[in-house]
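The sequence shown begins at 5 in our numbering and counts up by one.
Note that beta-carbon positions come from the ideal geometry of N, C-alpha and C, so glycine has one too.
Only one structure is covered here, and it is reproduced in the block below.
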Amino acid sequence: MAASTSTPYDILGAAKTDKDYALRVAYRARIHEYKNDRLKIPENRKIKPENFRLICRAYETLSDHDKRNKYHLDGEWIQDVPLE
Numbered sequence: 005m006a007a008s009t010s011t012p013y014d015i016l017g018a019a020k021t022d023k024d025y026a027l028r029v030a031y032r033a034r035i036h037e038y039k040n041d042r043l044k045i046p047e048n049r050k051i052k053p054e055n056f057r058l059i060c061r062a063y064e065t066l067s068d069h070d071k072r073n074k075y076h077l078d079g080e081w082i083q084d085v086p087l088e
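Right, here's the structure in full:
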């Protein structure tokens, strides 16, 4: 998952026309891909924090209407802000 070339929509696997509910469903589906208890192979049972953060930031950008409008106008989103 490359942050520099991906859009929040690409990261979530959502369409630009998706409404709030569809975005939430896409977010939950992507988050579950990185949950340890859902990964069958023991070697894959390590949380990938960079992917998890990107998914969270993408959803945060698209779920807030002001941030989504800013993203549509400027093309900028909060992918590079560190989580605290």
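Residue environment for Leu77: exposed (fewer than 16 other C-beta atoms within 10 angstroms of its C-beta). By the neighbour-count criterion, in which a residue is buried when 16 or more other Cβ atoms sit within 10 angstroms of its Cβ, Pro53 is exposed. Only exposed fits Tyr25, as fewer than 16 other CB atoms lie within 10 angstroms of its CB.
Going by beta carbons, Arg61 and Ile35 fall outside the 8 angstroms limit. His69 and Ile59 have their C-alpha atoms spaced approximately 17 angstroms apart.
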